[in-house]
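Colleague:
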Amino acid sequence: MNIFRLTGDLSHLAAIIILLLKIWKSRSCAGISGKSQILFALVFTTRYLDLFTSFISLYNTCMKLIYIGCAYATVYLIYAKFRATYDGNHDSFRVEFLVVPVGGLSVLINHDFSPLEILWTFSIYLESVAILPQLFMISKTGEAETITTHYLFCLGLYRALYLFNWIWRFYFEGFFDMIAIVAGVVQTVLYCDFFYLYVTKVLKGKKLSLPA
Amino acid sequence: EYNIYQHDEL
């Protein structure tokens, strides 16, 4: 555990909590892509199956349970409790274009051809692109609530911090996981355009809106 | 030694 890994995990946790609180407090999931949230629930489910097979640490187990629990709670709020506020017309990204290629790739390129390992690989690849329905939705509506941009910033920051964590681990522990690193770079790059808008607009007190 | 199959990250 190094400082980048810890702050990355906390940033990820902050993102998840911000989104849950935003929906809960405003009693609305307007502007949130339910499809992205279903993909994240799928990511955590397929990645954390090792909860049943190996124990790493109390921290590890607790965080996994919190992430999974929050992911399903978010999906429940969007598709059940506050379904009337869900903006399905703008959430029109075709997720099969992500899930099918990612599934194929995880079967082809993995560390070990075993069910659990393929599912872990699937989750890593899927996580890297799971935010696309949300970004697509924002590009379609041309704007995002400020609280939603804070969520996205924390979520993007988390993987960027993991990149530094992997550099740290490579130098000080000789550890590297090529699948996680390549997918992590892709994931971080997808946020770059958003990071730019966040810094130039939201941090200066303006609402995030895209030119028509 | 690290076991690549034991994923200790989240």
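Keeping their order, the protein sequence lines are chains D and R. For the first sequence, position 37 (counting from the first letter as 1) is numbered 37 according to the working numbering, and the numbering increases by one without interruption. The working numbering runs 1000 ahead of the 1-based position in the second sequence. Here a beta-carbon is modelled for each residue, glycine too, at the ideal position from N, C-alpha and C.
Can you find a C-beta in chain R that's less than 8 Å from the C-beta of D:M137?
Modeller: Chain R, which has no Cβ nearer than 8 Å to the Cβ of D:M137, makes this no.
Colleague: Short of 7 Å Cβ to Cβ, which residues in the segment 53-64 of chain D face chain R?
Modeller: The segment 53-64 of chain D vs chain R, Cβ under 7 Å: S54, I56, N60, M63, K64.
Colleague: Nearest to D:F194 by CA position, among D:L98, D:I16, D:G142, D:Y162, is which residue?
Modeller: Measuring from the Cα of D:F194, the nearest candidate turns out to be D:G142.
Colleague: Which runs of the alpha helix (DSSP H) at least 4 residues long sit entirely within the segment 95-133 of chain D? Give them in chain order.
Modeller: The qualifying runs are 96-108, 115-129.
Colleague: Using a Cβ cut-off of 9 Å, which residues of the segment 191-204 of chain D contact any Cβ in chain R, in chain order?
Modeller: Those would be none; no residue qualifies.
Colleague: What does a CB cutoff of less than 7 Å around D:G103 pick up in its chain, not counting 5 residues either side in sequence?
Modeller: Closer than 7 Å at the Cβ level, and outside the excluded window around D:G103, lie F122.
Colleague: Touching or not, the segment 4-17 of chain D and the segment 165-173 of chain D, by the rule of three or more beta carbon pairs under 8 Å?
Modeller: Because the criterion of three Cβ pairs below 8 Å is met, the segment 4-17 of chain D and the segment 165-173 of chain D touch.
Colleague: What does DSSP give as the partner residue(s) for D:L208 in the beta ladder?
Modeller: According to DSSP, which records beta bridges pairwise, D:L208 is partnered with D:A144.
Colleague: Verify the CB distance criterion: does D:W213 have a CB-CB separation below 8 Å to chain R?
Modeller: Any answer about residue 213 of chain D is impossible in this case: the structure gives chain D only from 1 up to 212.
Colleague: Checking contacts by CB at 8 Å: is D:Y125 closer than that to chain R?
Modeller: No, because no Cβ of chain R sits closer than 8 Å to the Cβ of D:Y125.
Colleague: Skipping 5 residues on each side, what residues in its chain have a beta carbon closer than 7 Å to that of D:V202?
Modeller: The residues are T146, T149, L208.
Colleague: Considering only residues of the same chain and omitting the five flanking positions on each side of R:E1001, which have a CB-CB separation below 8 Å?
Modeller: Low per-residue confidence applies at R:E1001: pLDDT is 44, beneath 50, and the placement is therefore not dependable enough to give any value.
Colleague: Confirm, please, whether the CB-CB distance from D:S128 to D:Q37 is below 8 Å.
Modeller: No, they are not a contact pair.
Colleague: Thinking C-alpha only, which one of D:F172, D:S114, D:F93 is nearest D:F221?
Modeller: There is no way to answer for residue 221 of chain D, as the model of chain D reaches only from 1 to 212.
Colleague: Could you work out which residue in D:F176, D:D177, D:K206, D:R159 is closest to D:V189 when comparing CA atoms only?
Modeller: The shortest C-alpha separation from D:V189 is found at D:R159.
Colleague: Against chain R, with Cβ distances strictly below 8 Å, would D:Y76 count as a contact?
Modeller: Answer no: the Cβ-Cβ gap between D:Y76 and chain R never drops below 8 Å.
Colleague: Mind checking D:S57: buried by the 16 CB within 10 Å criterion, or exposed?
Modeller: Under this definition D:S57 is an exposed residue.
Colleague: First and last residue of the alpha helix (DSSP H) that includes D:V43?
Modeller: 34-47 is the extent of the alpha helix (DSSP H) around D:V43.
Colleague: Just how far apart, CA to CA, sit D:S106 and D:N89?
Modeller: Looking at the two C-alpha atoms, the distance is approximately 31 Å.
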